[in-house]
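Peer 1: Handing you this structure, nothing more for now.
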Amino acid sequence: MRRWIHLLGTLALALALTGAGHASRAEATTTVSKSQRELVIVSPDLSQGNLIEQGLYTAIGWGGVILPTATLALRYSIVTILKDEAATRGGFVNRLRDIASKSTIRAVDVIFVTHGLSGNVLFSNGSFTMASVRDRILANLTATQRAKLRMVFSTACYGASHRQAWRDAGFKTVSGSRGVYADSVASYQPFLTAWVSGLSFGTGVAAANTAGSFSTWDATAAAWLFAKGSQRWDEVDSFRLTSGNTGLTIGTMP
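Throughout, our numbering is defined as the position within the sequence shown, counted from one, plus 2.
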């Protein structure tokens, strides 16, 4: 009855994704050192949105998912956090351009922590379509700069619907949830641990999916939304889908 009650199926698919990630490693790649990669974390004020959304993110302790990002500081030359009022659409695109314009940088990664709807994402200055985010990147970064865009790990709700726009903007590999994203407390750290350990992007996402499937966060969020009368209680589904070259690691580029 509930899409998120599929522990065995989820685990099987996660294992399949892990295998797919390893298989992708056969593709030709070049090495990217710590000094050649930077990371941008986008985190607008998640108390935005309607009262139900605000309550949901408070209830599941969303603020705590930013804390593990300290893990990443040791593996990137620079980690930029665009937080609250700094996390505008224009500020994000400008930061991508500034990083990609550096001759020493070969890979630009993004962790995208925000609200989302099907085809839309929230920045601190409003909700924008992913098409507009894609177009802003295409208009403000040269082809050479866009070639340095590497991965997006998104915690936005309905992030799976955003994947093509990220890919069209130039990112090599992307993940996003099928529905309302609610399990970051369980899934965020497993992805980070796999990624900084040098495992493939696909393997890291599979680790997040496996951890999420055995947590109760999706069920808790669905029950909370149902109690609040939200029509989206039946759309809680944190399972992440991927697109692109999932065999890439923190130390490789095509």
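Using N, Cα and C, we set each Cβ at its ideal position, and we do this for glycine too.
On a predicted model such as this, the values are computed, not experimentally measured, just so you know.
Rounded to whole angstroms, how far is the Cβ of residue 179 from the Cβ of residue 241, which I believe are closer than 8 Å?
Peer 2: Confirmed, about 7 Å.
Peer 1: Could you tell me which of 117, 139, 137 sits nearest to residue 129, measuring between CA atoms?
Peer 2: Checked all of 117, 139, 137; the closest Cα to residue 129 is 117.
Peer 1: What does a CB cutoff of less than 8 Å around residue 72 pick up in its chain, not counting 5 residues either side in sequence?
Peer 2: So the list is empty, once near-sequence residues are dropped.
Peer 1: Taking DSSP as the reference, what is the three-state secondary structure of residue 110?
Peer 2: Three-state result, residue 110: strand.
Peer 1: With distances taken from CA atoms, which of 224, 252, 233, 209 is nearest residue 295?
Peer 2: Residue 295 is absent from the model: the chain starts at 3 and stops at 256.
Peer 1: Within a Cβ cutoff of 6 Å, which residues of the same chain sit near residue 42, ignoring the five residues on either side of it in sequence?
Peer 2: The answer, listed in chain order, is 82, 97, 112.
Peer 1: From what residue to what residue does the alpha helix (DSSP H) around residue 217 run?
Peer 2: That residue, residue 217, is in no alpha helix (DSSP H); it is neither H nor E in DSSP.
Peer 1: Can the beta-carbon of residue 107 be found less than 9 Å from the beta-carbon of residue 174?
Peer 2: No, Cβ-Cβ distance for residue 107 and residue 174 is not below 9 Å.
Peer 1: Would you call the segment 191-211 and the segment 222-231 in contact, with 3 or more CB pairs under 8 Å?
Peer 2: The segment 191-211 vs the segment 222-231: no contact.
Peer 1: Between residue 77 and the rest of its own chain, which residues show a CB-CB distance below 7 Å, the 5 nearest in sequence each way excluded?
Peer 2: Excluding positions up to five away in sequence, the list reads 36, 198, 252.
Peer 1: Alpha carbon to alpha carbon, how far is residue 94 from residue 168? Give it in angstroms, no decimals.
Peer 2: Whole-angstrom Cα-Cα distance: 13 Å.
Peer 1: Can you say whether residue 127 is buried or exposed, counting buried as having 16 or more other CB atoms within 10 angstroms of its CB?
Peer 2: Exposed: under 16 other Cβ atoms inside 10 Å.
Peer 1: Can you tell me which of the three DSSP states residue 247 falls into?
Peer 2: Correct three-state label for residue 247: coil.
Peer 1: Please state the DSSP three-state secondary structure of residue 122.
Peer 2: Here residue 122 sits in strand by DSSP.
Peer 1: Between residue 34 and residue 205, is the Cβ-Cβ spacing less than 9 Å?
Peer 2: It is not a contact, given that the beta carbons lie outside the stated cut-off.
Peer 1: What residue does the alpha helix (DSSP H) around residue 138 start on, and which one ends it?
Peer 2: Where residue 138 is concerned, the enclosing alpha helix (DSSP H) stretches over 132-142.
Peer 1: If you follow the beta strand (DSSP E) that residue 198 is part of, which residue opens it and which one closes it?
Peer 2: Here residue 198 belongs to no beta strand (DSSP E); instead the alpha helix (DSSP H) covers 186-198.
Peer 1: Return the CA-CA distance between residue 147 and residue 185, expressed in angstroms with no decimal places.
Peer 2: Approximately 33 Å, taken between the alpha carbons.
Peer 1: Looking at the secondary structure, which residues open and close the beta strand (DSSP E) in which residue 93 lies?
Peer 2: Note, residue 93: premise wrong, no beta strand (DSSP E); alpha helix (DSSP H) at 91-102.
Peer 1: With DSSP collapsed to three states, give me the class of residue 76.
Peer 2: Residue 76 falls in the coil class under three-state DSSP.
Peer 1: Going by the DSSP bridge assignment, what does residue 128 pair with across the sheet?
Peer 2: Paired residues: 125.
Peer 1: Can you grab the Cα-Cα spacing for the pair residue 46 / residue 88, in whole Å?
Peer 2: For residue 46 and residue 88, the distance between alpha carbons rounds to 8 Å.
Peer 1: Among 218, 239, 249, whose alpha-carbon lies nearest the alpha-carbon of residue 162?
Peer 2: Looking at the Cα atoms, 239 is the closest of the given residues.
Peer 1: Could you give the DSSP three-state label for residue 42: helix, strand or coil?
Peer 2: Reduced to three states, the DSSP call for residue 42 is strand.
Peer 1: Beta strand (DSSP E) containing residue 175: first to last residue?
Peer 2: 175-179 is the span of the beta strand (DSSP E), which, as asked, contains residue 175.
Peer 1: Out of curiosity, what's the CA-to-CA distance linking residue 85 and residue 132?
Peer 2: When rounded, the distance between both Cα atoms is 19 Å.
Peer 1: I'd like to know whether the C-beta atoms of residue 40 and residue 101 end up nearer to each other than 9 Å.
Peer 2: Yes, the Cβ-Cβ distance between residue 40 and residue 101 is below 9 Å.
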